[in-house]
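Residue numbers (our numbering): 316 to 950.
Backbone N, C-alpha and C define an ideal beta-carbon position, used for all residues, glycine too.
One structure below.
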Amino acid sequence: MLNRSEQDLSEGVQAYLSRQENKSLLRFITCGSVDDGKSTLIGRLLYDTKLIFEDQLAALESDSRKHGTTGESIDFALLVDGLEAEREQGITIDVAYRFFATEKRKFIVADTPGHEEYTSNMATGASTAELAVVLIDARKGVLEQTRRHSHIISLLGIRHVVLAVNKIDLMDHDQAVFDRIVEDYCAFAEPLGFEQIRPIPISARFGDNVSTPSASMPWYGGPTLIEFLESVVVPDTAIELPFRFPVQLAVRPDSDFRGYAGQVASGKVAVGDRVVVAHSGRQVMVKSIVTADGPLSEAREGQAVTLVLDHEVDISRGSMLSHPDARPLVSDQFQAHVIWFDGNTLMPGRSYILRTETMSTPASVTKLKHRIDVNSLAHEAADQLDRNEIGVCNFSTQMPVAFDAYRDNRATGNFIIIDRMTNATVGAGMIDHPLRRADNVHLQAIDVTREARGLLKNQKPAVLWFTGLSGSGKSTIANLVEKRLHALGRHTMTLDGDNVRHGLNRDLGFTEADRVENIRRVAEVARLMSDAGLIVLVSFISPFRSERLLAREKMAPGEFIEIFVDTPIEECARRDPKGLYKKALAGNLANFTGISSPYEAPETPDIHLRTVEEDAEALANSVVERLLGSRFGEN
Numbered sequence: 316m317l318n319r320s321e322q323d324l325s326e327g328v329q330a331y332l333s334r335q336e337n338k339s340l341l342r343f344i345t346c347g348s349v350d351d352g353k354s355t356l357i358g359r360l361l362y363d364t365k366l367i368f369e370d371q372l373a374a375l376e377s378d379s380r381k382h383g384t385t386g387e388s389i390d391f392a393l394l395v396d397g398l399e400a401e402r403e404q405g406i407t408i409d410v411a412y413r414f415f416a417t418e419k420r421k422f423i424v425a426d427t428p429g430h431e432e433y434t435s436n437m438a439t440g441a442s443t444a445e446l447a448v449v450l451i452d453a454r455k456g457v458l459e460q461t462r463r464h465s466h467i468i469s470l471l472g473i474r475h476v477v478l479a480v481n482k483i484d485l486m487d488h489d490q491a492v493f494d495r496i497v498e499d500y501c502a503f504a505e506p507l508g509f510e511q512i513r514p515i516p517i518s519a520r521f522g523d524n525v526s527t528p529s530a531s532m533p534w535y536g537g538p539t540l541i542e543f544l545e546s547v548v549v550p551d552t553a554i555e556l557p558f559r560f561p562v563q564l565a566v567r568p569d570s571d572f573r574g575y576a577g578q579v580a581s582g583k584v585a586v587g588d589r590v591v592v593a594h595s596g597r598q599v600m601v602k603s604i605v606t607a608d609g610p611l612s613e614a615r616e617g618q619a620v621t622l623v624l625d626h627e628v629d630i631s632r633g634s635m636l637s638h639p640d641a642r643p644l645v646s647d648q649f650q651a652h653v654i655w656f657d658g659n660t661l662m663p664g665r666s667y668i669l670r671t672e673t674m675s676t677p678a679s680v681t682k683l684k685h686r687i688d689v690n691s692l693a694h695e696a697a698d699q700l701d702r703n704e705i706g707v708c709n710f711s712t713q714m715p716v717a718f719d720a721y722r723d724n725r726a727t728g729n730f731i732i733i734d735r736m737t738n739a740t741v742g743a744g745m746i747d748h749p750l751r752r753a754d755n756v757h758l759q760a761i762d763v764t765r766e767a768r769g770l771l772k773n774q775k776p777a778v779l780w781f782t783g784l785s786g787s788g789k790s791t792i793a794n795l796v797e798k799r800l801h802a803l804g805r806h807t808m809t810l811d812g813d814n815v816r817h818g819l820n821r822d823l824g825f826t827e828a829d830r831v832e833n834i835r836r837v838a839e840v841a842r843l844m845s846d847a848g849l850i851v852l853v854s855f856i857s858p859f860r861s862e863r864l865l866a867r868e869k870m871a872p873g874e875f876i877e878i879f880v881d882t883p884i885e886e887c888a889r890r891d892p893k894g895l896y897k898k899a900l901a902g903n904l905a906n907f908t909g910i911s912s913p914y915e916a917p918e919t920p921d922i923h924l925r926t927v928e929e930d931a932e933a934l935a936n937s938v939v940e941r942l943l944g945s946r947f948g949e950n
């Protein structure tokens, strides 16, 4: 049995824990340009809210002497910049999340990189934030990276901004400097749609106006940063939004149980509610809500649950359940704002993987409508997006996607873009709206199938895709293969790179973007011809693996045969049948494959032809034998 003092202590602990649980939580991000003091500010917040233990403080003092940039003073940035590379370079690289609390509120803050190279990390940190603290070095004013970060947080739906003019002590606490920076920033940010911009002059290093008012700035009568963060009202709109439940997993441990696991993205759902499968429109009722801690009568935004329905329906990972009267949009074409992260440019026509919360689908940019100048916010014509640029694009996906416009629902209106060859995240997108033509254009069912057309010709359709350097012998071998197939009574058609550029693709040049579009068009034509039951021979340099992969995926399974005509570039240059290598080596021909533009050789071609080892006739015969021997070309 507890004595009186122990009982009082226990009750005090319980009361303390209860107060902590009932405090509201604010997620915010610090952003801005390099060396504006983001990490120092967060370190100061942790220090002022007494979340640094004595051993941590001792280690910080030691690290400040070794890595610090503040002389004998404590360098608070080292509390957050934990990577050795960050300390050596004095910059933030990764996103660092920190928790702290005051008597009035709990906080999770994301310290994001200011360096342009790590813009993707900054966007990651902003994606879950409700407020942004934009830091500006009082000595430098509003910089390009300040504008870029402000544009990104606006695109990501953040509507509350603290404009923290830092290092004001280095400008003698001059009010005129502060006023000028505030005026410049507000003029720039006016079109970004922020609901609130709260300017505060601070010195993160010395704590001025961070948690206590500064005696050095009597001209400033507003709240300190902590006071503002404690009192700002950021409505939690996710619970008020329509119910959205992206399915992450179909759960069936035995024949008696079938449930659908995921996290409630927005809104709420209760046992007995009717819900609808977004893609099919099928309505069902929620029979029960299951969790690891037991059943629930209701699930709300942010909760991970398993829903058991009253009927078995076609639901799998990537499906979305929603409220019947407020369904999401479902489309395979839409417009989106895109932030591009990768060193390789975004190319319209190139195939990527588009990934939402729970589903992945091949997708391509059908049109780059414009690029946005981060300084002026002007819309500029562009045919590609370079690293850290922002643009507006039309997308086409292989499978329909269920989504909301990002402005209406951040959880279901975002996606990331994955490079198909490297599996790297190369961009992030915020969906604006579906394209109207996606609702107006539908596939027409045709009774005569590709198999029936092939049967009439007594052959199986196939696409023989010859790839290799200019002068490698692609066209020569393809021509010999077609002659042999024609003699055998096969129905064929050859698409040659030079011939197609005289007609269908005469409007395209030889830039990387034009080459991507060149192959996309040819792949579409080859698919139509194979649908007609033909054996199609495609002879194109087709230098990029991703475009050859796109062509393969447009065809029926097993129908695409990649044939690598492997000729060393030295031999191609010696042959030089069109005199192009001579011009390219002299610098008179731009974007020439193998010289000034890359060629990505197939890693595992279906057929590998080495032209220095055999003549063209023998290689062509081997292709025909392989084609007919693999049961292509005949029914």
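For this session: Would you kindly check if the distance between the Cβ of Arg-632 and the Cβ of Val-584 is under 8 Å?
Result: no
Exercise. By the 10 Å Cβ neighbour count, where 16 or more other Cβ atoms means buried, how is Ser-646 classified, buried or exposed?
Worked result: buried
Exercise. From this set, Leu-843, His-466, Arg-520, which residue's C-alpha is nearest Ile-687's C-alpha?
Worked result: His-466
For this session: Can you tell me which of Leu-556, Glu-932, Asn-709, Ile-483 puts its alpha carbon nearest to the alpha carbon of Arg-751?
Result: Asn-709
Exercise. Quick one: any contact between the segment 874 to 884 and the segment 918 to 931, if contact means 3 or more CB pairs under 8 Å?
Worked result: yes
Exercise. Should His-638 be labelled buried (16 or more other beta-carbon atoms within 10 Å of its own) or exposed?
Worked result: buried
Problem set entry | Residues near Leu-849 by beta carbon distance below 7 Å, same chain, minus five either side | Pro-776, His-806, Thr-807, Met-808
Exercise. Between the segment 900 to 914 and the segment 784 to 804, do three or more beta carbon pairs fall short of 8 Å?
Worked result: yes
For this session: Taking Val-796 as part of the beta strand (DSSP E), name the residues at either end of that continuous run.
Result: It is not in any beta strand (DSSP E) - Val-796 instead sits in the alpha helix (DSSP H) that spans 789 to 802.
Exercise. If you draw a straight line from the alpha carbon of Asp-363 to that of Phe-543, how long is it in whole angstroms?
Worked result: 15 Å
Exercise. Which two residues bound the contiguous beta strand (DSSP E) that contains Met-714?
Worked result: 705 to 718
For this session: Keeping to the same chain, check which residues put their C-beta closer than 7 Å to that of Val-939; ignore five residues upstream and five downstream.
Result: Val-796, Arg-799, Leu-800
Exercise. Between Glu-505, Ser-442, Asp-484, Leu-810, which lies nearest to Ile-468 when the distance is taken from Cα to Cα?
Worked result: Ser-442
Exercise. Is it buried or exposed for Ser-339, if we count other Cβ within 10 angstroms and need 16 for buried?
Worked result: exposed
Exercise. Short check: CB of Asn-703 to CB of Arg-462, under 8 Å?
Worked result: no
Exercise. Buried or exposed: where does Arg-821 fall if 16 or more other Cβ atoms within 10 Å of its Cβ makes it buried?
Worked result: exposed
Problem set entry | Rounded C-alpha distance that separates Leu-943 from Leu-803 | 11 Å
Problem set entry | Nearest neighbour of Ala-828, chosen from Leu-692, Gly-352, Asp-723, Thr-681 [CA to CA] | Thr-681
Problem set entry | Length at least 3, wholly inside the segment 795 to 859: the beta strand (DSSP E) runs in chain order | 807 to 811, 850 to 854
For this session: List the endpoints of the continuous alpha helix (DSSP H) containing Leu-458.
Result: Premise fails: Leu-458 is in no alpha helix (DSSP H) and is neither H nor E.
Exercise. Taking the beta strand (DSSP E) that Tyr-500 falls in, what are its first and last residues?
Worked result: No beta strand (DSSP E) contains Tyr-500, which is instead part of the alpha helix (DSSP H) from 490 to 504.
For this session: Give the straight-line distance between the Cα atoms of Thr-919 and Glu-766, rounded to the nearest whole angstrom.
Result: 28 Å
For this session: On the DSSP bridge assignment, give the partners of Trp-655 in chain order.
Result: Gly-742
For this session: Could you pull the start and end residues of the alpha helix (DSSP H) that Asp-363 belongs to?
Result: 353 to 363
For this session: Can you give me the Cβ contacts of Arg-589 inside the same chain, cut-off strictly under 6 Å, excluding the 5 residues immediately before and after it?
Result: Gln-598, Met-600, Pro-639
For this session: Check whether the segment 658 to 676 touches the segment 621 to 629, counting contact only when three or more Cβ pairs, one atom from each stretch, lie closer than 8 Å.
Result: no
Problem set entry | Candidates Arg-342, Ala-565, Gly-609, Val-457: closest to Val-349 by CA position | Val-457
For this session: Measure the Cβ-Cβ separation of Thr-345 and Thr-434 and say whether it is below 8 Å.
Result: no
Problem set entry | Nonlocal neighbours in the same chain, by C-beta distance under 7 Å from Leu-540, ignoring five residues either side | Val-477, Ala-479, Ile-515, Ile-517, Asn-524, Val-525
Exercise. Beta strand (DSSP E) containing Leu-661: first to last residue?
Worked result: Here Leu-661 belongs to no beta strand (DSSP E), and DSSP marks it neither H nor E.
For this session: Select from Ser-854, Ile-746, Gly-352, Arg-863 the residue whose C-alpha is nearest the C-alpha of Thr-791.
Result: Ser-854
Exercise. Name the DSSP beta bridge partners of Pro-749, please?
Worked result: Phe-649
Exercise. Thinking C-alpha only, which one of Ala-916, Ala-416, Ala-720 is nearest Arg-863?
Worked result: Ala-916
Exercise. Do Phe-875 and Val-831 have their CB atoms nearer than 8 Å?
Worked result: no
Exercise. With distances taken between CB atoms, is the gap from Trp-655 to Leu-700 smaller than 8 Å?
Worked result: yes
Exercise. Apart from the five residues just before and just after Phe-493, which ones in its own chain have a Cβ nearer than 6 Å to its Cβ?
Worked result: Val-480, Pro-516
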